[in-house]
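Each number in our numbering corresponds to the 1-based position in the sequence shown with 35 added.
For glycine and all other residues, C-beta sits at the position ideal for the given N, C-alpha and C.
Have a look at the structure below, then the notes.
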Amino acid sequence: MNNCDNKRAMAEERLRQVPVKRVLFVCLGNICRSPAAQGVMQSIVDAGGASSSWVIDSAGTGDYHTGDLPDKRMRVHAMRRGYQLTHRARQVSEADFGRFDLIVPMDASNERNLRRLAPTPEDEEKIVPMAAWINIASRYDHVPDPYYEGAEGFELVLDLLENACDRLFEAVNEKKQPL
Ligand code: 4NP
């Protein structure tokens, strides 16, 4: 098991042990990748009948887009897959480490910024990159920023997010074996 798998397994175990699983997805602007991750995860949780045991949110390490809806292009691509994205962008803060059990950066730069922000070593352990759950495209060790890309960049992000969110939900929601 490599370091990333280990961090992922530990995070999944922590989430299994809390009755309400609080997950925060984080990117740079909080208008493309992380609000899409929030929408995809919420949809999976709702479809799995688990809405009351998950709290899903998203935030950005930057504050350039505070208060904005997700980028129009991301809203259009997400809507084609049935996800309505209505989140308003906000900047991540130190207080988020007290509010969430798992904090999921989209790329290495988001991860570095979150590690700097984490108030305690225990809080830092809540940070696990989204790539830890991606297994459809092994060359992606991060969710690439689609902001300066074309339509295929947004589709790729949604493919990666659906893969990662499915796997996170399955791992945490696994039914206990009956005695
Ligand atoms: P996100 O994409 O981090 O996935 O929300 C970006 C959105 C805006 C900018 C960069 C990335 N920006 O530079 O404004």
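Simplified DSSP state of residue i, which is helix, strand or coil
| i | result |
| --- | --- |
| residue 102 | coil |
| residue 56 | strand |
| residue 80 | helix |
| residue 67 | coil |
| residue 75 | helix |
| residue 120 | coil |
| residue 38 | helix |
| residue 153 | coil |
| residue 51 | helix |
| residue 46 | helix |
| residue 167 | helix |
| residue 147 | helix |
| residue 180 | coil |
Cross-strand partners of residue i (DSSP beta bridge)
| i | result |
| --- | --- |
| residue 93 | 60 |
| residue 126 | 95 |
| residue 139 | 60 |
| residue 237 | The structure shown has nothing for residue 237, since the chain only spans 36 to 214. |
9 angstroms Cβ cutoff met for residue i and residue j
| i | j | result |
| --- | --- | --- |
| residue 59 | residue 81 | no |
| residue 152 | residue 57 | no |
| residue 79 | residue 201 | yes |
| residue 39 | residue 164 | yes |
| residue 96 | residue 50 | no |
| residue 177 | residue 143 | yes |
| residue 158 | residue 132 | yes |
| residue 76 | residue 191 | no |
| residue 154 | residue 129 | yes |
| residue 108 | residue 120 | no |
| residue 118 | residue 74 | yes |
Limits of the unbroken alpha helix (DSSP H) element including residue i
| i | result |
| --- | --- |
| residue 193 | 186 to 208 |
| residue 113 | 107 to 115 |
The ligand PLP heavy atom lying under 8 angstroms from the CB of residue i
| i | result |
| --- | --- |
| residue 68 | The ligand PLP is absent from the structure shown, which contains only the ligand 4NP. |
Self-check item: Given 8 angstroms, three or more beta-carbon pairs between the stretch 116 to 133 and the stretch 169 to 177
Solution: They do not touch, by the three-pair rule.
Quiz item: Do the stretch 194 to 209 and the stretch 64 to 78 meet, that is, are 3 or more Cβ pairs less than 8 angstroms apart?
Solution: Flag = yes, the stretch 194 to 209 and the stretch 64 to 78 touch.
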